[in-house]
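These notes are about the structure you will find just below.
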Amino acid sequence: MIGLISATAAGAVARDRLAAAWPDRTRVYEGPVGDAVRRAFAECEQLVCFLATGAVVRLLAPLLAGKAADPGVVCVDEGGRFAVSLVGGHAGGANELAREVAASLGAEPVVTTATDAVGLAGLDTLGLPVEGDVAAVSRALLDGERVVLEAESAWPLPPLPTAGGRADGGAEAYVVRVTDRAVEPRPGEVVLRPPTLVVGVGASRGAPVEEVLELVSAALRDAGLSVRSVAALATVDAKSDEPGITGAAERLGVPLVTYSAGRLAEIDVPNPSGAPLAAVGTPSVAEAAALAGGGELLVPKRKSAGSPATATCAVVRRPGRGRLAVVGLGPGARDLLTPRAAAELRRASVLVGLDQYVDQIRDLLRPGTRVLESGLGAEEERARTAVAEARRGHAVALIGSGDAGVYAMASPALAEASDDIDVVGVPGVTAALAAGAVLGAPLGHDHVSISLSDLHTPWEVIERRVRAAAEADLVVTFYNPRSRGRDWQLPKSLAILAEHREPATPVGVVRNASRPDESSRVTTLAGLDPATVDMMTVVTVGNTATREIAGRMVTPRGYRWQEEAK
Ligand code: SAH
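This is the structure in structure tokens:
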């Protein structure tokens, strides 16, 4: 919940606008300001104070407990011009909140946290538990000092500017270490804990939580593993409500994953036994459940200390799962690139794409991002490269213009991909939509896109589809309509459509939609000169109901209008 506090009439107006915009996320605290701030601080995860920063600093000072515990606090000035992230920039989410509040109120976000301000991934924002000298290493990163990345586990991290840092390993270098082993951070070192460990657990009915927890801790301790790298506990379905197991998962702050006995019985384990087979129908619970998601068995089954022992556990290290984001950049204009696409670009440590698209977004990348760009035509190779990098455990963004799934990289990439990587798709504004918005409302009823490129498709197939669209009276948008070596396909396609549509049918031609040199015109089937069309263009041909109205191309949603027009 976000607590909202104001003192003046102007503050109350801005406060009420925010409360109306986010009714489910906010609660207004009325009454004397000091009292309101204290109550909100105790009850909310975040505060937005429509007060001067000085006043808020004085009120908060006695309440602050520490970075990890304090709510994030944002101040908005009397004029509603600035949303200032005051405390809890990272852990309290105040930086993000300042941006959201600013966007909602039309204000400017003010973020002073060093790592955010210069575009580095803050070491405490990576979503991994972090130990050690965060302040010193962050400062070293910011100052461009020598920092070495020692990654024992491949994990899809955003770029750390250390990646590829000098490896001559002098003792004085700062270190960012990624490991699930129970190492103590040395001075000048930060240890990131990737969620690589899965602990399989079996328990007889009524096994005490303490006994399960003690067993798990001892198993990790003896194997030299960090409890902070535990990603999940795993067990058999029949034990999904066993309080000793659910309680242990809760205390460790990790999810409990369960599998059917049948599934567990299929898994080869070193130490099967008769007891669980009789009780739940699988010769192994702990080892099999730990191994069910794949990985390497680090700690074979061991029993708890009680007599009789009531619990068993086993520990598996999962291979790092790389992450492939397939990101559409939109038609060109920066404000048609979605915030989600921008976030994925900043999330990636490896960027794969066509050189001209990379140029379009280079300024959004974090320093240290490895850019693998290639020229036109190398599509299959780009797809393979992106997947291979993700398989190595990296966070990869594969980019395409418009929507990356429309005549673009998503399908060749996913044809290469296997289920050992995570895949995230980010939709983009495809050329047909960008052009449609420029032209008016040509896609108001059923429509289809057809690419006239015969690079991947024989002409017979393309022609059959154009004919079907003509017969079905679909609005058609042609992608790749015409290039220097390929000039007869567009006139041929228009001729096919003309067999079923009037010569006066509106046709929209949009070149470089949303780019600085955008141009567009609405003409007709008979009037279109194909020579004015090139590869930067889409051509949208209306159906029998499409009209030109006040210079705009409009396809009515139904056919009643068409009937009336006749
Ligand atoms: N993935 C892209 C399409 C790639 S095919 C998308 O979703 O938009 C390339 C063709 O798309 C070009 O030949 C052109 O026909 C069309 N195109 C892409 N961007 C365009 C733009 N900004 N304006 C007009 N046409 C565009």
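Quick note, in our numbering, the sequence shown goes up one by one and the last residue is 567.
Cβ coordinates follow ideal geometry from the N, Cα and C atoms, glycine included.
Residue i - DSSP class collapsed to helix/strand/coil
i    : result
V542 : strand
G254 : coil
A168 : With a pLDDT of only 46 at A168, under the threshold of 50, the placement of this residue in the model should not be trusted, and no figure is reported.
Y358 : helix
A551 : coil
A104 : helix
G437 : helix
K304 : strand
T180 : coil
D421 : coil
R206 : coil
S218 : helix
S139 : helix
G403 : strand
P531 : helix
I246 : helix
E153 : coil
T478 : strand
A396 : strand
R487 : strand
G55  : helix
V430 : coil
G90  : coil
P159 : coil
S521 : strand
CA nearest to the CA of residue i, picked from the options
i    : options                   : result
R553 : V540, A438, E97 and G486  : A438
Q47  : N481, K68, I3 and P256    : I3
A306 : A66, L216 and R319        : L216
T116 : G94, E31, P130 and S139   : S139
S308 : A70, P209, A43 and F479   : P209
A1   : L495, H501 and I451       : Not covered by the structure: residue 1. The range shown for the chain is 2 to 567.
G282 : V270, L299 and V237       : V237
T431 : L65, S515 and R468        : S515
D223 : A70, S419, T533 and A315  : A315
E132 : R178, P504 and R100       : R178
G245 : T311, P482 and V467       : T311
L444 : L257, S261, R548 and D518 : R548
S494 : S105, E519, A505 and L526 : L526
R16  : G67, D78, P33 and G55     : D78
A546 : H448, L143 and P332       : H448
A108 : K68, R18 and E31          : R18
A95  : G73, V258, P368 and L106  : G73
P368 : V462, R82, T458 and L142  : L142
Limits of the unbroken beta strand (DSSP E) element including residue i
i    : result
T259 : L257 to Y260
P130 : Taken as a continuous stretch (DSSP letters only), P130 belongs to no beta strand (DSSP E), as it is neither H nor E.
G323 : G323 to G329
T27  : T27 to V29
R347 : It is not in any beta strand (DSSP E) - R347 instead sits in the alpha helix (DSSP H) that spans P340 to R348.
E190 : E190 to L193
L5   : I3 to S7
Residue span of the alpha helix (DSSP H) that contains residue i, given as start and end
i    : result
G35  : V34 to E44
S494 : Q490 to A499
T510 : For clarity, residue 510 is Val in the given sequence; the question names Thr instead. Unbroken run through V510 is the beta strand (DSSP E), P507 to R512; no alpha helix (DSSP H).
L278 : G275 to V281
G12  : A10 to A22
I463 : W460 to E472
Close beta carbons around residue i, own chain, < 8 Å, minus the five adjacent residues each side
i    : result
R182 : E153, G225, L226 and S227
G321 : S154, A155, W156, P157, P195, T197 and G394
A13  : S7 and F51
I522 : Note that residue 522 corresponds to Arg in the displayed sequence, not to Ile. So the qualifying residues of the chain are G509 and V510.
K304 : L216, A310, A312 and T313
P186 : E132, G133, D134, R178 and V192
Sequence-distant residues of the same chain with beta carbon closer than 6 Å to residue i, five excluded per side
i    : result
E297 : R318
N481 : S452, L453 and S454
T478 : A433, S450, V539 and T541
K594 : As displayed, the chain neither begins before 2 nor continues past 567, which places residue 594 out of reach and without an answer.
P110 : A84, A99, R100 and A103
R167 : Note that R167 scores 45 on pLDDT, short of 50, meaning its location in the model is unreliable; the coordinates nonetheless yield the value given after this. If we look at R167 and ignore the five residues flanking it on each side, it has no Cβ neighbours.
Any chain B beta carbon closer than 8 Å to residue i
i    : result
V199 : Of the protein chains in the structure, only one exists, and it is not chain B.
Cβ-based neighbour list, residue i, same chain, cut-off 7 Å, excluding 5 preceding and 5 following
i    : result
P413 : E380, E381 and A384
L214 : A249 and R252
A471 : I497, L498, E500 and H501
| message | Measuring CB atoms only, is the region 413 to 433 touching the region 324 to 336, in the sense that at least three cross pairs come out at less than 8 Å? | response | Touching, yes, given that three or more Cβ pairs across the two stretches are closer than 8 Å.
| query | Counting Cβ pairs, one atom from each stretch, are 3 or more of them under 8 Å apart for the region 493 to 511 and the region 531 to 542? | reply | yes
| message | With three or more beta-carbon pairs closer than 8 Å as the criterion, would you say the region 228 to 243 touches the region 192 to 209? | response | yes
| request: Check whether the region 56 to 64 touches the region 34 to 44, counting contact only when three or more Cβ pairs, one atom from each stretch, lie closer than 8 Å. | output: yes
| query | Can at least three beta-carbon pairs, one atom from the region 349 to 359 and one from the region 374 to 384, be found at a separation below 8 Å? | reply | yes
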